[in-house]
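Peer 1: Take this structure, written in structure tokens, and hold onto it; I'll ask about it next.
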Amino acid sequence: MAPAAIPYHQVRDDLWRPLAGASKRYTLTLVLLSAIALWGLIAWGYQIRVGIGVAGIRRPVFWGFYLVDFVFWIGISHAGTLISAILRLTDADWRKPVTRAAEAITVFALMIGGLFPLIHLGRVWLFYWLFPYPNSRLLWPNFRSPLMWDVTAISTYLTGSVIFLYLPLIPDVAQLSEHAKGWRLRLYKVLALGWTGSDREWHALERAMKLMAGIILAVAVSVHSVVAWDFAMAIAPMWHSTIFAPYFVVGAIFSGLAGLILALTIVRKTMRLESYLTPHHFGNLAKLLLLMSLLWLYFTFAEHLTVWYGNEPKEMSVFGARVRGRFSPEFWAMVVVNFVVPFVLLGIRRLRSIRTATIASIGVLVGMWLERYLIIVPTLSMPRLSAAWGRYSPSWVEISITVATFAAMAALYLVFSKLFPIVSVWEFEPHAQEEE
Amino acid sequence: MSEQTQHRWGMAIDLDRCTGCQACVAACHAENNLAVSDPASAAKGRAVHWIRVDRYYEGEFPDVRVKYRPVLCQQCDEAPCEPVCPVYATYHNDEGLNVQVYNRCVGTRYCGNNCPYSVRFFNWFDPVWAEPLQLQHNPDVSIREGGVMEKCTFCVQRIGRAKDDAREEGRALRDGDVQPACVQSCPAEAMVFGDLNDPESKVSQWARSGRSGRLLEELGAKPKVFYLERAK
Chain A
3 MAPAAIPYHQ VRDDLWRPLA GASKRYTLTL VLLSAIALWG LIAWGYQIRV
53 GIGVAGIRRP VFWGFYLVDF VFWIGISHAG TLISAILRLT DADWRKPVTR
103 AAEAITVFAL MIGGLFPLIH LGRVWLFYWL FPYPNSRLLW PNFRSPLMWD
153 VTAISTYLTG SVIFLYLPLI PDVAQLSEHA KGWRLRLYKV LALGWTGSDR
203 EWHALERAMK LMAGIILAVA VSVHSVVAWD FAMAIAPMWH STIFAPYFVV
253 GAIFSGLAGL ILALTIVRKT MRLESYLTPH HFGNLAKLLL LMSLLWLYFT
303 FAEHLTVWYG NEPKEMSVFG ARVRGRFSPE FWAMVVVNFV VPFVLLGIRR
353 LRSIRTATIA SIGVLVGMWL ERYLIIVPTL SMPRLSAAWG RYSPSWVEIS
403 ITVATFAAMA ALYLVFSKLF PIVSVWEFEP HAQEEE
Chain B
568 MSEQTQHRWG MAIDLDRCTG CQACVAACHA ENNLAVSDPA SAAKGRAVHW
618 IRVDRYYEGE FPDVRVKYRP VLCQQCDEAP CEPVCPVYAT YHNDEGLNVQ
668 VYNRCVGTRY CGNNCPYSVR FFNWFDPVWA EPLQLQHNPD VSIREGGVME
718 KCTFCVQRIG RAKDDAREEG RALRDGDVQP ACVQSCPAEA MVFGDLNDPE
768 SKVSQWARSG RSGRLLEELG AKPKVFYLER AK
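Line by line, the protein sequences are chains A and B. Quick note, in our numbering, the first sequence goes up one by one and the last residue is 438. Quick note, in our numbering, the second sequence goes up one by one and the last residue is 799.
Structure representation (structure tokens):
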């Protein structure tokens, strides 16, 4: 492990360096990304003003890109919490430079993913009707609806993952507040919560993090199960499947890992953290990605085999459209980028490198987006009564908003990495490690 | 209240009589203030028809037979659309009707996805009527704003009207007092509507017919629309 060989003051300098100043390239990128994100907001505003009909969704495909994006981003959010919680609980020492970057992805991906159920609402200005608030007419939301489970699960998950990101940030902001000036000083001071670094505080932090790691693990699994049940609870062909919850959880961790590897590659390059994020880390993450790829293939195979063997006509319509019909280009592209590419690039040891792991990750991100598209759209295009079949293609509004969320994610990440060290500093401190 | 819960509304449609003339579709549009779509949005799948006539073809050309099946909300007893609504905008009333509360709907469209019969429609925009169509609105039926779901109500406004009339005349509802617009306008008299709780009502008799069956019955949604057709 490289950082062990680096003296602590050097570590601190290296990790704090990206916080100071902003290069021209940084500013330019941030402005560009914000402009794209703003364009998405304008598109959303236009949709609210004119009506949700400006999107391409139509009967019978009532859910389109927005729900695909929703599942995709909630999946990405599993990068952080789940991976970092598992690694923390198993005391995997190599996790240290990875966890903060992962936990930040979770928070931002959830903020973005959580927007989509609102974006897709017909009357978004009434979104608060989904919350159980006291009202004079004694109206109560319907807790039998998987959408209510969503509201509950995602708000719990967002709260939990903010705490999970924040807790290990406290010692870092406390250190930073000793050296910062101006508004940064005020920011860090508030966030440090008067941290002094006493033994009592370290113990409390350690216990809180262990506890949160356990809780967040359960919450993360439950969240993506609930997202899966949005579909599995419906009796639509190829949605009504018992395998969906674990299938979605596996897919979420899979895409989350890919998102993490991509983010780490960019962070490593742009912040010159080559001696912290080493080929060793990428090797470990790549192996995890390969494992998830195989698990994903196993689930996908099991799901499709059961449907094919059962040969139920309504399900076979959807199955056929996916495997050899009009959705087959997307289907086979998904199999290639989700399985073939990672299997070759990461399974063959000679080929496994930071570069190939990044390439595979980009492929997996595309593939997992396609997977959600293939789950949602073919089923809805082919309802049980064939007279009602219909086709869906997205409008510029849906495409704009989809693209904008990727820009927004990158912009949020850029801002975060300018405010806080993207690699946890204190975990390299010899003293702090003894406390563990 | 006791009088209300007596009823269990249902419909029966004789497919062997149906000529596919679409009079029911036109009548429903007029009765229920359905938005009229332009050809472009209709081609996009945005047209709203609470009742539609599905066409199924049998045989090989030139020996082809076409079968028509009017499909409307089946008013299921175990409606798949109901439990998935997060705000109770769709629920079961005590006469077994599957009711849509437009003012409560926030537009998740989940009910539309979970309806096996694809009979739920969404208002993609605020509705507009080309002059002078706005003058023929039915005052008994509300206009739905953009962003909410809608579907066949079994002409619930006519059920209410018939009950009021019966109460004023100091008598009980008789079979045939309630006629939804589609039933009333069917020139082939292929549709009947009435109370399934009353074993003597016409709809109950049709429902007991040997030719009677229900659409996608295997799903167990217990629809209250019966289709009569010759066995093959």
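In this text, a Cβ means the ideal position worked out from N, Cα and C, and glycines have one as well.
Does the segment 203-218 of chain A come close enough to the segment 343-352 of chain A that 3 or more CB-CB pairs lie under 8 angstroms?
Peer 2: Judged by Cβ distances under 8 angstroms, the segment 343-352 of chain A makes no contact with the segment 203-218 of chain A, as fewer than three pairs qualify.
Peer 1: Does any CB atom of chain B fall closer than 8 angstroms to the CB of P331/A?
Peer 2: Chain B contact via Cβ: absent.
Peer 1: Could you spell out the range, first to last residue, of the alpha helix (DSSP H) harbouring D621/B?
Peer 2: D621/B -> not in any alpha helix (DSSP H); beta strand (DSSP E) instead, spanning 619-625.
Peer 1: Under 8 angstroms, do I237/A and A304/A count as touching if we go by C-beta distance?
Peer 2: It is not a contact, given that the beta carbons lie outside the stated cut-off.
Peer 1: With 16 other CB atoms within 10 Å as the buried threshold, where does A176/A fall?
Peer 2: Buried, since its Cβ has 16 or more Cβ neighbours within 10 Å.
Peer 1: Could you tell me which residues DSSP puts in a beta bridge with S779/B?
Peer 2: L795/B.
Peer 1: Check whether the Cβ of K791/B lies closer than 8 angstroms to any Cβ atom in chain A.
Peer 2: Not closer than 8 angstroms to any Cβ of chain A, the Cβ of K791/B fails to qualify, so no.
Peer 1: Looking at C-beta atoms only, is the number of pairs between the segment 592-610 of chain B and the segment 773-789 of chain B that lie closer than 8 angstroms three or more?
Peer 2: In short, these stretches do not touch, since the Cβ pair count stays below three.
Peer 1: Can a CB atom of chain A be found closer than 8 angstroms to the CB of N681/B?
Peer 2: Yes, because at least one Cβ of chain A sits closer than 8 angstroms to the Cβ of N681/B.
Peer 1: Which whole-angstrom value describes the C-beta separation of A57/A and A81/A, a residue pair presumed to lie in contact below a C-beta threshold of 8 angstroms?
Peer 2: At roughly 28 angstroms, the Cβ-Cβ gap does not stay under 8 angstroms, so A57/A and A81/A are not in contact.
Peer 1: Am I right that F692/B and V52/A are in contact with their C-beta atoms under 8 angstroms? What's the rounded C-beta distance?
Peer 2: Rounded, the Cβ-Cβ distance is 7 angstroms, consistent with contact.
Peer 1: For the segment 240-259 of chain A, list every residue whose C-beta sits within 7 angstroms of some C-beta in chain B, in sequence order.
Peer 2: Correct list: empty, as no residue qualifies.
Peer 1: What in chain A is Cβ-close to L786/B, meaning under 7 angstroms?
Peer 2: Going along chain A in sequence order, the residues near L786/B (Cβ under 7 angstroms) are I237.
Peer 1: Run the CB neighbour count on G25/A, radius 10 Å, all protein chains shown included, and call it buried at 16 or more, exposed below.
Peer 2: The question names Gly, but residue 25/A is Ser in the sequence shown. Classification for S25/A: exposed.
Peer 1: With respect to the alpha helix (DSSP H) encompassing G713/B, which residues constitute its N-terminal and C-terminal limits?
Peer 2: No alpha helix (DSSP H) holds G713/B; DSSP gives it neither H nor E.
Peer 1: Is the beta carbon of M336/A within less than 7 angstroms of some heavy atom of the ligand HEM?
Peer 2: The ligand content of the structure shown is nil, which means the ligand HEM is not present either.
Peer 1: Check each candidate in L169/A, I217/A, V269/A, L17/A and name the one with the smallest Cα separation from W197/A.
Peer 2: Ranking the options by Cα distance to W197/A, first place goes to L169/A.
Peer 1: Taking 8 angstroms as the cut-off, decide whether the C-beta atoms of F418/A and L171/A are in contact.
Peer 2: No, the Cβ-Cβ distance between F418/A and L171/A is not below 8 angstroms.
Peer 1: Name the residue from S768/B, D762/B, K769/B, A774/B whose alpha carbon lies nearest to the alpha carbon of E662/B.
Peer 2: It is D762/B.
Peer 1: Please classify V269/A as buried or exposed, where buried requires at least 16 other C-beta atoms within 10 Å of its C-beta.
Peer 2: V269/A comes out buried.
Peer 1: What's the C-alpha gap between A254/A and T720/B?
Peer 2: The alpha-carbon atoms of A254/A and T720/B are separated by roughly 41 angstroms.
Peer 1: Name the DSSP beta bridge partners of H659/B, please?
Peer 2: DSSP output for H659/B lists N665/B as bridge partner(s).
Peer 1: Does any C-beta atom of chain B lie closer than 8 angstroms to the C-beta of S147/A?
Peer 2: So, interface residue.
Peer 1: For the beta strand (DSSP E) containing K611/B, name the first residue and the last one.
Peer 2: Unbroken run through K611/B: none, as it is neither H nor E.
Peer 1: Just to confirm the assignment: which complete alpha helix (DSSP H) runs, minimum length 4, are found wholly within the segment 711-759 of chain B?
Peer 2: The qualifying runs are 723-735, 748-752.
Peer 1: Can you tell me the Cα-Cα spacing of W696/B and V666/B, whole angstroms?
Peer 2: For W696/B and V666/B, the distance between alpha carbons rounds to 25 angstroms.
Peer 1: With a CB to CB cut of under 7 angstroms and the five nearest residues on each side skipped, what residues in its chain are close to R374/A?
Peer 2: Here the set comprises V70, V73, F74.
Peer 1: Fully enclosed by the segment 663-704 of chain B, which beta strand (DSSP E) runs are 3 residues long or longer?
Peer 2: Those beta strand (DSSP E) runs which fall completely within the segment 663-704 of chain B and span 3+ residues are 665-667.
Peer 1: In chain order, what residues of the same chain have a beta carbon less than 8 angstroms from the beta carbon of G392/A, not counting five sequence neighbours either side?
Peer 2: Within the same chain, G392/A has close Cβ partners R60, R61, P62, V63, S383.
Peer 1: Give me the Cα-Cα distance between S426/A and V13/A, rounded to the nearest whole angstrom.
Peer 2: The straight-line gap from Cα to Cα measures roughly 10 angstroms.
Peer 1: Can you pull out the residues from the segment 602-617 of chain B whose beta carbon lies closer than 9 angstroms to at least one beta carbon of chain A?
Peer 2: Going along the segment 602-617 of chain B in chain order, one finds S608, K611, G612, R613, A614, V615 with a Cβ nearer than 9 angstroms to chain A.
Peer 1: Can you name the start and end residues of the beta strand (DSSP E) that I580/B belongs to?
Peer 2: From DSSP, the beta strand (DSSP E) with I580/B extends over 576-581.
Peer 1: Does R738/B come within less than 8 angstroms of chain A when only Cβ atoms are used?
Peer 2: So, not an interface residue.
Peer 1: Can you tell me whether K789/B is helix, strand or coil according to DSSP?
Peer 2: In the structure shown, K789/B sits in coil (DSSP, three-state: anything other than H, G, I, E or B).
Peer 1: Please list the terminal residues of the continuous beta strand (DSSP E) segment that includes Y635/B.
Peer 2: Element bounds for Y635/B: 632-638.
Peer 1: For V52/A, return the contacting residues in chain B, with the cut-off set at a CB-CB distance below 8 angstroms.
Peer 2: Within chain B, the residues near V52/A are F692.
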